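Numbering (the numbering used here), first residue to last: 33 to 396. Here a beta-carbon is modelled for each residue, glycine too, at the ideal position from N, C-alpha and C. Nothing here was measured: the structure is a model prediction, and the numbers come from that model. Notes follow once the structure below has been shown.
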Amino acid sequence: MIPQCAPQWRIRRFREAVDAAIEAVVAGGHYVLGPQVERFESSFANYLGVRHCIGVNSGTDALVLALKALGLGPGDEVITVSMSFCATALAILQVNAEPHFVDVDPCSRCMDLAQLEAAINPRTAAIIPVHLHGYPMAMGPLMALAERHGLAVVEDCAQAHGARRDGRAAGSWGLFAAFSFYPTKNLGCIGDGGAIVTNDAALASRARSLRQYGWHKGQRVSREAGFNSRLDELQAAVLHALLPFLDEGNRERADAAQHYQELLQGLPLTPPLQHPGAVHHQFAIATPQRDRLQNYLLRQEAISTAVHYADPIHMQPLFQRKRLWHLPETERLASQLLSLPIQPEVVQGRVPQIVAAIGRGLQQ
Ligand SMILES: *Cc1c(COP(=O)(O)O)cnc(C)c1O
Numbered sequence: 033m034i035p036q037c038a039p040q041w042r043i044r045r046f047r048e049a050v051d052a053a054i055e056a057v058v059a060g061g062h063y064v065l066g067p068q069v070e071r072f073e074s075s076f077a078n079y080l081g082v083r084h085c086i087g088v089n090s091g092t093d094a095l096v097l098a099l100k101a102l103g104l105g106p107g108d109e110v111i112t113v114s115m116s117f118c119a120t121a122l123a124i125l126q127v128n129a130e131p132h133f134v135d136v137d138p139c140s141r142c143m144d145l146a147q148l149e150a151a152i153n154p155r156t157a158a159i160i161p162v163h164l165h166g167y168p169m170a171m172g173p174l175m176a177l178a179e180r181h182g183l184a185v186v187e188d189c190a191q192a193h194g195a196r197r198d199g200r201a202a203g204s205w206g207l208f209a210a211f212s213f214y215p216t217k218n219l220g221c222i223g224d225g226g227a228i229v230t231n232d233a234a235l236a237s238r239a240r241s242l243r244q245y246g247w248h249k250g251q252r253v254s255r256e257a258g259f260n261s262r263l264d265e266l267q268a269a270v271l272h273a274l275l276p277f278l279d280e281g282n283r284e285r286a287d288a289a290q291h292y293q294e295l296l297q298g299l300p301l302t303p304p305l306q307h308p309g310a311v312h313h314q315f316a317i318a319t320p321q322r323d324r325l326q327n328y329l330l331r332q333e334a335i336s337t338a339v340h341y342a343d344p345i346h347m348q349p350l351f352q353r354k355r356l357w358h359l360p361e362t363e364r365l366a367s368q369l370l371s372l373p374i375q376p377e378v379v380q381g382r383v384p385q386i387v388a389a390i391g392r393g394l395q396q
């Protein structure tokens with residue numbers, strides 16, 4: 033059986049470093065927001081080339097706190113994509129703002145800039161682009177557009193740890209970026225975890241305050257309705273231990289993706305758009321025979337695949353209340369995308385076997 037994803041295999045691979053990190057925390061006596069969190073925050077900020085990193089409880093919270101720190105609330109509209117994980121849009125509802133969904137570019141499967149520009153209106157306050165499946169969006173033109181209209185940009189980098197384009201890391205462009213360290217992500221811990229990054233000192237300080245009861249600079253008095261969304265020491269220590277291996281893992285993902293690209297040529301399906309700075313959180317092929325192929329691979333070849341995402345956000349009941357959206361590219365991709373195994377510990381040496389199975393499945 034080939035699993036689509038197996039976070040425990042990555043932990044097993046780096047077990048020594050992970051065990052040492054855990055042991056240090058257990059013995060150390062600081063369990064929530066301590067030296068491990070501070071150390072990880074500064075190493076992750078360094079890695080990305082940004083000034084500030086604030087560890088929080090999850091990727092979802094990272095988005096919520098970023099929007100909150102920007103002062104978004106009722107009456108504000110946030111333009112984002114429906115071709116993403118639901119948390120991207122849930123975060124907008126959490127601050128009582130309204131998501132405005134735009135369609136994606138069929139090649140990159142990321143936000144279509146022409147659609148973005150057409151959607152901007154007087155209520156628009158911010159934009160959340162998503163580097164879907166680790167593909168680095170062209171942020172230069174998006175930032176230029178945002179600046180022209182005075183809009184804040186919060187990058188959803190939950191799938192893009194280490195992705196690069198035009199010499200910059202994904203997450204270093206927007207006013208804020210949100211990362212998730214859920215165990216299956218390219219950099220994942222052994223529980224929930226997330227981070228907000230920014231180059232703006234005042235926004236960083238506001239986000240820091242929001243993650244802990246609205247306290248400000250060590251004073252234990254609440255200045256605003258903050259949250260309890262802290263990264264714990266155990267997760268921070270594990271993340272700090274795994275960060276040095278992130279680039280290696282991303283290179284292995286890129287090698288596997290390249291191998292897939294070569295072997296899949298000639299088959300009636302569309303592979304993902306290639307980019308040297310992509311980090312391949314997923315490797316999703318598009319085919320109208322998606323459901324049949326997925327079933328065949330599982331039943332006949334013992335290969336697990338996944339669908340990201342079968343129900344685009346705009347078609348989920350919560351998001352259809354106020355308005356019916358029509359996003360043809362998103363809907364087409366939602367019916368055709370199939371995520372093949374791409375995690376290095378899973379695909380190593382198995383790409384030819386998986387592609388041969390796909391070839392048989394498409395001939396059925
Ligand atoms: C995983 C993910 C999130 C949410 O992260 P959590 O840590 O699970 O809260 C948000 N956006 C995208 C695109 C994701 O893939």
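- Message: I want to check one thing, is the minimum distance from the CB of Y245 to the heavy atoms of ligand 1 below 7 angstroms?
- Response: No, ligand 1 has no heavy atom inside 7 angstroms of this Cβ.
- Query: If we ignore side chains and look at the alpha-carbon of each, how far apart do F277 and K354 end up?
  - Reply: Each residue's CA atom was taken as its position, placing F277 and K354 some 45 angstroms apart.
- Take the Cβ of R285 as the centre, count every other Cβ of all protein chains shown within 10 Å, and call the residue buried at 16 or more, exposed below. Flag for R285 reads buried.
- Item | 7 angstroms Cβ shell around S75 - same chain, five flanking residues per side excluded | Setting aside the 5 residues that flank it on each side, S75 is surrounded in the same chain by H272 and L275, each with a C-beta closer than 7 angstroms to its C-beta; the list follows chain order.
- Based on the DSSP secondary-structure assignment, which residues constitute the bridge partners of V162? According to DSSP, V162 bridges with D188.
- Got a sec, what are the start and stop residues for the beta strand (DSSP E) F277 sits in? F277 -> no beta strand (DSSP E), and no H or E assigned at all.
- Task: Go ahead and label A289 buried or exposed: buried means 16 or more other beta carbons lie within 10 angstroms of its beta carbon, across all protein chains shown.
- Result: Buried, by the Cβ-count rule.
- Message: Let me check you understand the geometry: is the CB of V162 closer than 7 angstroms to at least one non-hydrogen atom of ligand 1?
- Response: Result yes, Cβ under 7 angstroms from ligand 1.
- Query: Roughly how many angstroms lie between the CA atoms of N89 and L219, to the nearest whole one?
  - Reply: Distance between the alpha carbons of N89 and L219 is about 15 angstroms.
- Is the segment 163–177 touching the segment 201–217, taking contact as three or more C-beta pairs under 8 angstroms? Yes, the segment 163–177 is in contact with the segment 201–217.
- Task: Report the rounded CA-to-CA distance for A338 versus V69, giving the unit in angstroms.
- Result: The alpha-carbon atoms of A338 and V69 are separated by roughly 33 angstroms.
- Taking I317 and P303 to be in contact with their CB atoms under 8 angstroms, please state how far apart those CB atoms are, rounded to whole angstroms. Between P303 and I317 the Cβ distance is about 6 angstroms, and since that is below 8 angstroms, they are a contact.
- Would you mind sorting M143 into buried or exposed? The rule is 16 or more other CB atoms within 10 Å of its CB. Buried is the label assigned to M143, since at least 16 other Cβ atoms lie within 10 Å of its Cβ.
- Check whether the Cβ atoms of Y214 and G105 sit closer than 8 angstroms, and answer yes or no. Cβ atoms of Y214 and G105: not closer than 8 angstroms.
- Task: Less than 8 angstroms between the CB atoms is what I'm expecting for L183 and A209, so what's the real figure, rounded?
- Result: Their Cβ separation, rounded to whole angstroms, is 15 angstroms, which puts L183 and A209 out of contact at 8 angstroms.
- Item | Contact test: A119 Cβ vs ligand 1 heavy atom, cutoff 7 angstroms | Indeed, a heavy atom of ligand 1 lies less than 7 angstroms from the Cβ.
- Task: If I'm right that L97 touches L242 with Cβ under 8 angstroms, what's the distance once you round it to whole angstroms?
- Result: Their Cβ separation, rounded to whole angstroms, is 5 angstroms, which keeps L97 and L242 in contact under 8 angstroms.
- With DSSP run on the structure shown, which of helix, strand or coil describes R262? When secondary structure is reduced to three states using DSSP, R262 falls in the coil class, being assigned neither helix nor strand.
- Message: I'd like the span of the beta strand (DSSP E) that includes V311, first residue to last.
- Response: Here V311 belongs to no beta strand (DSSP E), and DSSP marks it neither H nor E.
- Message: Can you find the residues in the same chain that come closer than 7 angstroms, C-beta to C-beta, to R155, ignoring five residues on each side of it along the sequence?
- Response: The beta carbon of R155 sits closer than 7 angstroms to those of G107, D108 and E109, all from its chain and outside the five residues before and after it, given in chain order.
- Mind checking who R196 pairs with in its DSSP beta bridge? For R196, which the question treats as bridged, DSSP gives the partners A201.
- Message: Tell me the DSSP secondary structure of W41 in three-state form.
- Response: W41: helix per DSSP, three-state reduction.
- Message: Within 10 Å of its beta-carbon, does C189 have 16 or more other beta-carbons around it, so buried, or fewer, so exposed?
- Response: Under this definition C189 is a buried residue.
- Any idea which residues DSSP pairs S254 with across the strands? Beta-bridge pairing links S254 to W247.
- Task: Less than 8 angstroms between the CB atoms is what I'm expecting for L369 and H340, so what's the real figure, rounded?
- Result: L369 to H340, Cβ: 7 angstroms. Contact.
- Three-state class that DSSP yields for L305 in the structure shown: L305 carries a coil assignment under DSSP once its states are collapsed to helix, strand and coil.
- List the DSSP bridge partners of I208. Before going on, a small fix: residue 208 reads as Phe here, not Ile. Partner(s): V186.
- Query: R197 to V162, Cα distance in whole Å?
  - Reply: Taking the straight line joining both Cα atoms gives about 14 angstroms.
- Query: Which of the three DSSP states, helix, strand or coil, is assigned to V88?
  - Reply: Reduced to three states, the DSSP call for V88 is strand.
- Item | Element boundaries [beta strand (DSSP E), containing I228] | Here the beta strand (DSSP E) through I228 covers G226 to T230.
- A176: which of N153, E265 and L145 sits nearest, CA to CA? If we check each option's Cα against that of A176, L145 comes out closest.
- Message: For a quick check, are the C-beta atoms of G246 and R252 less than 8 angstroms apart?
- Response: Inclusion of G246 and R252 in the CB contact set at 8 angstroms is not warranted, their separation being larger than that value.
- Task: With DSSP collapsed to three states, give me the class of H291.
- Result: Residue state, collapsed to three classes: helix.
- Query: Of the residues A233, V136, L305 and A101, which one's Cα is nearest the Cα of I345?
  - Reply: Nearest option by C-alpha distance: V136.
- Query: So who's on the other strand from F133, going by DSSP bridges?
  - Reply: Beta-bridge analysis with DSSP links F133 to T112.
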